[in-house]
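Undergrad: Using numbering that gives the first Met the number 0, you'd call the opening residue of the sequence shown number 0 and step up by one each time. Think of the CB as a built atom: it goes at the ideal place given N, C-alpha and C, for glycine as much as any other residue. Here the structure is a predicted model, which is why all the values come from computation and not from measurement. What follows is a single structure, and I will ask about it in a moment.
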Amino acid sequence: MIFAGAVAMAAFGAASARAEVVIDVDLTTQTMRVASAEGSYNWPVSTARAGFSTPRGHFAPTGMERMHYSKKYHNSPMPYSIFFRGGYAIHGTYATGALGRPASHGCVRLSPAHAAQLYQMVEREGASISIAGAPRVAARYASR
0 MIFAGAVAMA AFGAASARAE VVIDVDLTTQ TMRVASAEGS YNWPVSTARA
50 GFSTPRGHFA PTGMERMHYS KKYHNSPMPY SIFFRGGYAI HGTYATGALG
100 RPASHGCVRL SPAHAAQLYQ MVEREGASIS IAGAPRVAAR YASR
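Structural data, given as structure tokens:
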């Protein structure tokens with residue numbers, strides 16, 4: 000019985016000691032901060048534009064696909080998708096000119112290169128995802 004308890008504690012300790020990628024998305028600044036064993040990064044993102052919303056809260060990845068095509072939005076490519084709530088994902092976008100301002104249907108978009116890097120980190124280390132803040136009024140972006 001003592002041996003079984005020691006094995007369980009060792010397994011629990013190993014699991015809880017596992018490094019995990021910490022992903023913080025700030026809807027106000029349209030940025031993503033990433034901390035992992037590989038390093039720390041701060042990347043521009045695009046989240047939900049006016050009329051749509053990006054879920055706020057704390058999440059864990061629920062699925063990953065190297066290349067996903069949206070069934071809801073015209074078969075749009077979503078490279079390096081990390082799903083975190085239903086159909087919502089962090090994924091790459093080819094519309095990189097829109098990064099840094101709200102532009103999506105609710106997903107968190109980032110450059111394909113950053114999406115690939117993040118995907119590899121999450122694949123190796125797992126992740127916790129936090130999304131907070133409030134997007135700025137869309138009118139502020141109209142002059143860009």
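Determine the extent of the alpha helix (DSSP H) in which Leu117 is found, giving its start and end residues.
TA: Per DSSP, Leu117 belongs to the alpha helix (DSSP H) from Pro111 to Glu124.
Undergrad: Report the CB separation of Pro60 from Ala126 in whole angstroms; it is logged as a contact under 8 angstroms.
TA: Right, the Cβ-Cβ distance comes to about 5 angstroms (below 8 angstroms), so this counts as a contact.
Undergrad: Drop a sphere of 10 angstroms on the beta-carbon of Met66, count the other beta-carbons inside from all chains shown, and report buried for 16 or more, exposed for fewer.
TA: It counts as exposed.
Undergrad: Report the partner residues of Pro76 according to the DSSP bridge assignment.
TA: Pro76 is bridged to Tyr68.
Undergrad: Under 7 angstroms Cβ to Cβ from Arg139, same chain only, skipping five residues before and after it: list those, please.
TA: Per-residue confidence for Arg139 stands at a pLDDT of 49, beneath the threshold of 50, marking its modelled position as unreliable; no derived number is given.
Undergrad: Using only CA atoms, which one of Pro101, Thr30, Leu117 and Ser35 lies nearest to Glu64?
TA: Nearest C-alpha to Glu64: Leu117.
Undergrad: For the beta strand (DSSP E) holding Ala34, just list the boundary residues, first then last.
TA: Note, Ala34: beta strand (DSSP E), Thr30 to Ser35.
Undergrad: Look at the Cβ atom of Arg108, then the Cβ atom of Ala115, and state whether they are nearer than 8 angstroms.
TA: Taking 8 angstroms as the Cβ cut-off, Arg108 and Ala115 do not qualify as a contacting pair.
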